[in-house]
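S.K.: Line order of the protein sequences matches chains A and B. Residues 1 to 156 in this note's numbering are what the first sequence lists, from first letter to last. Residues 1 to 730 in this note's numbering are what the second sequence lists, from first letter to last. Ideal Cβ positions, reconstructed from N, Cα and C, are used throughout, including at glycine. These numbers come from a predicted model, not from an experiment. This is the structure I want to talk about, given as C-alpha cells.
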Amino acid sequence: MKRIAFAAALTAVMVVGAAEESGQLTPIQKTALKKASQSVLCSCGCPPTILNDCICDEARAFRDVMTEQAREGMTGEQIAAAYIEKYGEQYRPAPAKKGFDLLLWILPAVLFAAATAFLCIFLMSQKEREEETAAKQPQDEYRERIEKELKERRTV
Amino acid sequence: MNGRPRETKFAFSAAFAFLGVSTLGFLLLSKADEVAVTGFPRAAVYAAAGASAWACLAFAVGLRLRHEGWLRSARRGIVVAWTLMLFTTICLLIALLSDWYHIEYVWRTSTPDQPVHYKLSALWGGMSGSMLFWNAILTSCAALMVWRSRREEDRLTDYALGVMSVVMLFYAALSAGIVPGISNPFQLLNADVLARIEADLAAGASTRGLGMNPLLQTPLMMIHPPNLYGGFVICTAPFAYAVGSMLQGSGSTLWLARSRRWTIAAWLFLTLGNLLGGAWAYNELGWGGYWGWDPVENAALLPWLMITAFLHSVMIQERRNMLKIWNIALISLTFLLVLFGTMLVRCGLLTSVHAFGESSELLAYFGSFLALSTIAVVWLIARRWRQLRSVNRFDSLLSKEAAFLFNNWIFVISAAVVLAGTIFPIISEAYYTYVRGIPDRKIAVSEPYYNAFIVPLGLILLALTGIGPMISWKKATGSNLRRNFLWPTAAGLVAALACVAPFAMIGSSSPDGFPLLKTIYSLLCVFASVFVLGTVALEYWKGVRIRLRRGSPNLFSALFQLTNQNRRRYGGYIVHIGVALFYIGALGSNGFQLSERVKLAPGETYQIAGYQLKYAGEPFQKRGQNVVFHGVPIEVSKNGSGPIAELEPSRGQYDASETATYEASTLRRLSGDLYIALGGINEEGKADMQVYYNPLAWVVLWAVPVVMIIGGAVCLAERIKYRPAKGAEE
C-alpha cells in the first residue's frame with residue numbers, strides 16, 4: 001500500500017514538474033487561472049466583458065500575468081482579489097454583496113415578493129367578489145323560481 | 001360620404017410626385033454645385049419639423065372643436081412631414097454614394113474606398129443619420145395610419161395621429177439640429193477642418209473621410225439596426241392608439257383592434273433586431289457569445305419584454321374585458337422604455353460599444369420628454385380610472401386568464417431586474433460621490449447578476465409558454481388539464497430523465513465541474529422546452545386529425561388549412577416553437593460552451609471537443625477593399641481523419657481606422673460551432689487564440705430568427721375583426 005502511495009506521489013511530482021518545465025499549468029493551476037479570469041472584467045474599455053472571454057491585447061497581457069500568479073501557487077480567489085485591488089471595484093463582474101451595493105441583490109427579491117403579494121391580494125379580492133356574487137345568485141334563482149311558480153298557479 | 005378618400009389619395013399622389021420631381025431636381029442641381037444644393041435637404045428637415053408642429057396644433061384644435069377642416073389639414077401636415085423626411089433621407093443616401101465629403105456626416109461615416117453597401121448602411125452608422133432614418137420610419141408609420149384611415153371618419157385614429165404628431169415633432173427637432181448635441185445631417189464640414197483635409201490630401205494622404213466604425217462594416221449591420229429601429233419606432237403606434245383612446249374617452253376596446261397589427265409588427269422587428277444583434281456580436285466581437293448584458297442590449301430588451309407581456313394580456317381584455325388599465329400601462333411602459341433606451345444610447349449615459357457620444361443638453365431634452373410623457377400617461381389613466389376598471393373578474397387560478405397574468409408578472413419582474421442592473425452603476429456612482437464623498441468609484445453589473453435572476457425567471461416563463469395556450473378560459477377542469485398536459489408533461493419528463501446521464505458525464509469531465517444548480521436548471525430547461533414543443537404538437541395534431549377526417553387530402557394540406565383558418569392562434573404557436581428552440585440553443589451554447597486559450601506555433605496541434613486543430617502554414621495577409629486581414633491558417637480534422645476544413649481567424653486593419661477588428665472564423669456543424677478568434681501573434685511566433693466550442697449556437701442565431709419570421713408573418717396576416725368584448729360598454 002505504501003509503495004502504491006509513494007509511486008502515485010512520485011508520478012504526481014513528475015507530472016507537475018514536467019508540466020511546469022514545459023511552460024504548461026497543472027490541472028489545479030489551470031482551474032485557478034480559469035476561476036480568476038472568469039471572475040473579473042477586462043479593462044480594455046469595451047463593454048463589461050469577462051476577462052476570460054476577451055481577446056484584446058490588454059486581456060491577453062493580464063491573463064499572462066495571472067498565469068504566472070497561478071504558477072506561483074495563488075488560488076483563483078487570490079488572483080482575482082489581487083486584480084480587483086490593483087485595478088478597482090469596477091472590474092468586478094457584479095457588485096459585492098455588501099454595503100450600498102447589496103441593494104442591487106436585494107431589490108429583485110423585494111420586487112418579486114411585492115409583486116407576488118400584490119398578485120395574491122388582487123386574486124383574493126377577485127375571489128371575495130366571486131363569493132359575494134355566488135351568495136347572491138341562489139337567492140335570485142329561488143326568487144325567479146317562486147315567481148315562475150306563482151305565475152303558473154295564477155294562470156291555473 | 002365625406003371627401004376623405006379623395007383628399008387622402010390626392011395628398012399621397014402629390015407627395016409621390018413631389019418626391020420624384022424634387023429628387024430629380026436635387027440630382028440635376030448637384031451637378032452644378034454640390035455644396036449649395038445641400039441647402040435643400042437641410043431646410044427640408046426644418047420644414048418637416050414645422051409640418052409636424054402644424055399637425056400637432058391642427059389636431060389639437062380640430063379634435064377640440066370637432067372641426068373636420070382642421071383635422072384634414074392636420075392629416076395633410078403628417079403627409080407633408082413624411083414626404084420631406086423621405087426626401088432628406090434619399091438626399092443623404094445620394095450624398096453618401098457620391099462621396100460628398102463637404103458634408104460633415106458623410107466625412108465622419110464614409111470613405112471613397114468603403115464598399116457601396118456600407119456607404120448605404122452609413123445612413124444609420126452615425127448619430128444624425130440614424131436619427132434621420134428613425135424619423136423616416138416614424139413619419140412613414142404616421143403616413144400609413146393616415147392612408148389606412150382614409151375610408152371612414154375614424155375619430156380614434158385622429159386622436160392617435162395627434163399623439164404621433166407630438167412624437168414626430170420631438171424627433172424632427174433632433175434631426176433638424178435645433179437641440180445641441182445632435183446636428184443636422186446636412187451640416188457642412190467646418191472650413192478649417194476642410195482646409196486641413198485638403199492639405200493632408202495634397203501631402204499624399206491616402207484617404208478622405210474618417211469612415212464608418214470598422215465594427216459596423218459587416219453584412220449583419222445592414223439588417224440589424226433597421227430591424228431594431230423599426231421595432232422601436234413602430235411601438236409608438238400602439239402607444240398612440242392607447243393614449244388616443246383615453247383622450248377620446250370612449251372606453252371602447254377599438255384601440256386594441258386598430259393597434260393589433262402595429263403591435264405584432266413592432267414585436268417582430270424588436271425580436272429580429274435583438275436576435276440579429278446577437279448574431280452581429282457573435283461574428284464581430286470575437287468573444288464567442290451573442291449576448292453580453294451590455295447596457296444598450298438591455299435597453300433593446302426592455303421594450304421587448306413589455307410588448308411581449310402586452311401581446312399576451314391584451315387577449316384577456318379582448319376576450320373578457322379585463323385588465324384594461326394594465327394593458328394601457330404596459331404599452332405606455334413599452335413606449336417610455338423605448339425613449340429611455342434611446343436616451344441611454346444617444347446621450348452616453350452609460351459606456352457601451354453601441355453608444356453614440358455624450359451630451360448633457362440632449363440628456364435634458366430626452367429626460368424632459370420622458371418625464372412629460374410619463375406624467376401625461378399617469379394623469380390620463382387617473383382621469384379615466386373609473387371607465388377603465390374591469391367589468392369581469394378572475395374565476396379561478398387554474399385558468400387562461402390567471403396563466404397570462406402570471407406570464408405578465410414574470411415579464412414585468414424580469415424587466416425590473418434588467419432595468420435595475422442597467423441603471424445601478426449610475427445610482428451607485430451618484431451615491432458614492434454625493435453621499436459618501438468617494439468620487440470615481442464605479443461598478444459594473446454583468447453576467448453573474450443577470451444570470452442569478454433571469455435564468456430562474458426565464459424557466460418559469462418557458463413553462464407558462466406551454467401552459468397558457470392550452471389551459472381553459474375561466475376555469476380549467478381536471479379533465480381539461482389531463483387532456484392537454486398529460487402527454488407533453490410525460491414527454492418533458494422523459495427528455496429530462498434522458499439528459500441526466502449525459503449531463504452528469506459532461507459535468508464530471510469538465511475541469512470546473514458542473515455545479516448542482518446549473519445541472520438542475522439545465523434539466524428544467526430540457527423538461528420545459530420539450531413540454532412546450534409537446535403542447536404545440538398536441539394542439540396541431542388535434543386540429544390536423546379533425547381536418548383529415550373532414551376530407552383534407554394530406555397532412556400538409558391539413559396543416560396549411562388549420563393555420564390559415566386561425567392565423568393568430570397558429571402563428572402564436574409557431575412563435576412558441578421558436579421560443580422553445582431558443583431555450584434549447586441557449587442551453588447548449590451557454591451551458592455547455594467550451595472555451596480555451598490556445599497558443600500554437602506553426603505545425604503544432606491542439607484538441608478540443610473531438611476536433612484537432614493544426615496551425616498549418618505561415619501567417620497570411622489578405623487585402624480587402626478597404627481593409628487588410630492579418631491571420632493564420634488553422635487546419636481542422638476530426639477523430640483522426642483527414643482535414644475537414646481550414647479556418648482563417650484574423651484581425652482586420654481598416655485603412656481609415658487605427659483599431660483592429662477580430663474576425664473570428666467558424667466551422668458550423670449541426671452539433672455546434674467551432675469558433676476561433678485570433679488575439680495576435682506573440683514574440684515567439686505563436687498564434688494566440690481563443691477557441692470556443694458552442695453547441696447548438698446555430699439554433700439561436702439562425703433557426704430561431706427564421707421561425708420567428710414565419711410565426712410573426714402568420715400573425716401579421718391575421719384577419720382582424722373588431723368585436724366588442726363581453727361586458728364592454730361600447
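With DSSP as the reference, identify every bridge partner of B:His102, one or two as the case may be.
M.R.: DSSP lists no partner for B:His102.
S.K.: Residues of chain B with a CB under 7 Å from the CB of A:Thr49: which are they?
M.R.: Residues of chain B passing the Cβ test: Trp287 and Gly292.
S.K.: Below 9 Å on C-beta distance, what does B:Phe411 contact in chain A?
M.R.: The premise fails here: B:Phe411 is roughly 11 Å from chain A at the closest Cβ pair, so nothing lies under 9 Å.
S.K.: How would you call B:Arg42, buried or exposed, if buried means at least 16 neighbouring beta carbons within 10 angstroms?
M.R.: Answer is buried; the Cβ neighbour count reaches 16.
S.K.: Measure the alpha-carbon distance for B:Thr88 versus B:Trp100 and round it to whole angstroms.
M.R.: Computed Cα separation, rounded: 15 Å.
S.K.: Name, please, each residue of chain B whose Cβ falls closer than 7 Å to the Cβ of A:Gln90.
M.R.: Correct list: Lys442, Ile443 and Ala444.
S.K.: I want to verify the contact list: residues of chain A whose CB lies under 7 Å from the CB of B:Arg597, in sequence order.
M.R.: Those are Arg63, listed as they occur along chain A.
S.K.: Between which two residues does the alpha helix (DSSP H) holding B:His117 run?
M.R.: Unbroken alpha helix (DSSP H) run through B:His117: Val116 to Ser121.
S.K.: Taking all protein chains shown into account, decide if B:Gln690 is buried (16 or more other Cβ within 10 angstroms of its Cβ) or exposed.
M.R.: With 16 or more other Cβ atoms within 10 Å, it is buried.
S.K.: Could you name the residues of chain A that B:Ser428 contacts, counting a contact when the two beta carbons are closer than 9 Å?
M.R.: Simply Pro95, Phe100, Asp101, Leu103 and Leu104.
S.K.: So if I threshold CB-CB distances at 9 Å, which residues from the region 452-481 of chain B count as touching chain A?
M.R.: Those would be Ala452, Phe453 and Leu457, in chain order.
S.K.: Between B:Leu524, B:Leu344 and B:Ala420, which lies nearest to B:Leu462 when the distance is taken from Cα to Cα?
M.R.: For B:Leu462, the nearest C-alpha among the options comes from B:Leu524.
S.K.: By how many angstroms is the C-alpha of B:Phe527 removed from the C-alpha of B:Ala403?
M.R.: Their Cα atoms are separated by approximately 19 Å.
S.K.: For B:Ile443, which of helix, strand or coil comes out of DSSP?
M.R.: Coil, per DSSP.
S.K.: State yes or no: is the C-beta of A:Tyr91 within less than 8 Å of the C-beta of A:Leu41?
M.R.: Going by C-beta atoms, A:Tyr91 is nearer than 8 Å to A:Leu41.
S.K.: At what residue ranges does the region 174-256 of chain B contain a whole run of the alpha helix (DSSP H), taking only runs of 4 or more?
M.R.: The region 174-256 of chain B contains these whole alpha helix (DSSP H) runs: 191-202, 220-234 and 236-248.
S.K.: Using 8 Å as the threshold, is the region 12-21 of chain B in touch with the region 73-89 of chain B, meaning 3 or more CB pairs across them?
M.R.: Touching, yes, given that three or more Cβ pairs across the two stretches are closer than 8 Å.
S.K.: If you count every other CB in all the chains shown that lies within 10 Å of the CB of B:Asn564, and 16 or more means buried, which is it?
M.R.: Answer is exposed; the Cβ neighbour count stays below 16.
S.K.: For a cutoff of 8 Å on Cβ pairs, would you count B:Pro448 as touching chain A?
M.R.: True, the Cβ-Cβ gap to chain A drops below 8 Å.
S.K.: At least one CB of chain B closer than 8 Å to the CB of A:Leu25: is that the case?
M.R.: Output row for A:Leu25: interface = no.
S.K.: What first and last residue would you give for the beta strand (DSSP E) that runs through B:Arg623?
M.R.: Looking at the DSSP string, the run of the beta strand (DSSP E) that includes B:Arg623 is Phe620 to Arg623.
S.K.: Provide the residue(s) that pair with B:Asn408 in DSSP beta bridges, ordered along the chain.
M.R.: Bridge partners of B:Asn408: none, in fact.
S.K.: Could you tell me whether the region 80-88 of chain A touches the region 691-710 of chain B, where touching means 3 or more Cβ pairs closer than 8 Å?
M.R.: Judged by Cβ distances under 8 Å, the region 80-88 of chain A makes no contact with the region 691-710 of chain B, as fewer than three pairs qualify.
S.K.: Answer yes or no: do B:Val700 and B:Phe531 have a C-beta to C-beta separation smaller than 8 Å?
M.R.: Result no, Cβ atoms of B:Val700 and B:Phe531 do not sit closer than 8 Å.
S.K.: Take B:Tyr570 as the anchor and find which of B:Leu123, B:His312 and B:Glu718 has the nearest alpha-carbon.
M.R.: Closest by alpha carbon: B:Glu718.
S.K.: Ordered along the chain, which non-local residues of its own chain (more than five positions away) have a Cβ less than 6 Å from that of A:Ile79?
M.R.: Within the same chain, A:Ile79 has close Cβ partners Ala36, Met66 and Gln69.
S.K.: Under a CB-based cut-off of 8 Å, is A:Cys120 close to chain B?
M.R.: Judged by the 8 Å Cβ criterion, A:Cys120 is not in contact with chain B.
S.K.: Could you tell me whether the region 241-250 of chain B touches the region 184-193 of chain B, using the rule of 3 or more Cβ pairs below 8 Å?
M.R.: Taking 8 Å as the limit for Cβ pairs, the verdict is that the region 184-193 of chain B does not touch the region 241-250 of chain B.
S.K.: Does the count of Cβ pairs from the region 425-442 of chain B and the region 467-475 of chain B closer than 8 Å reach three?
M.R.: The region 425-442 of chain B is not in contact with the region 467-475 of chain B.
S.K.: Establish whether the CB of A:Ala80 and some CB of chain B are separated by less than 8 Å.
M.R.: No, A:Ala80 lies away from the interface with chain B (no Cβ there is under 8 Å from its Cβ).
S.K.: Classify B:Met689 as helix, strand or coil using the three-state DSSP reduction.
M.R.: The answer is strand: DSSP assigns B:Met689 an E or B state.
S.K.: Out of B:Ser522, B:Ser479, B:Asp113 and B:Gln217, which has the shortest C-alpha to C-alpha gap to B:Leu497?
M.R.: Considering only alpha carbons, the answer is B:Ser522.
S.K.: What residues from chain B crowd round A:Cys44, counting only those whose CB sits closer than 9 Å?
M.R.: Result: empty, since nearest Cβ-Cβ is about 11 Å, beyond 9 Å.
S.K.: Could you list which residues in chain A have their beta carbon closer than 9 Å to that of B:Asp688, in chain order?
M.R.: Those are Ile55 and Arg60, listed as they occur along chain A.
S.K.: Assign A:Lys146 to buried or exposed, taking buried as 16 or more other Cβ atoms, counted over all protein chains shown, within 10 Å of its Cβ.
M.R.: The sequence shown places Ile at residue 146 of chain A, not Lys. Exposed: under 16 other Cβ atoms inside 10 Å.
S.K.: According to DSSP, is B:Asp673 helix, strand or coil?
M.R.: Of the three classes helix, strand and coil, the one that applies to B:Asp673 here is strand, per DSSP.
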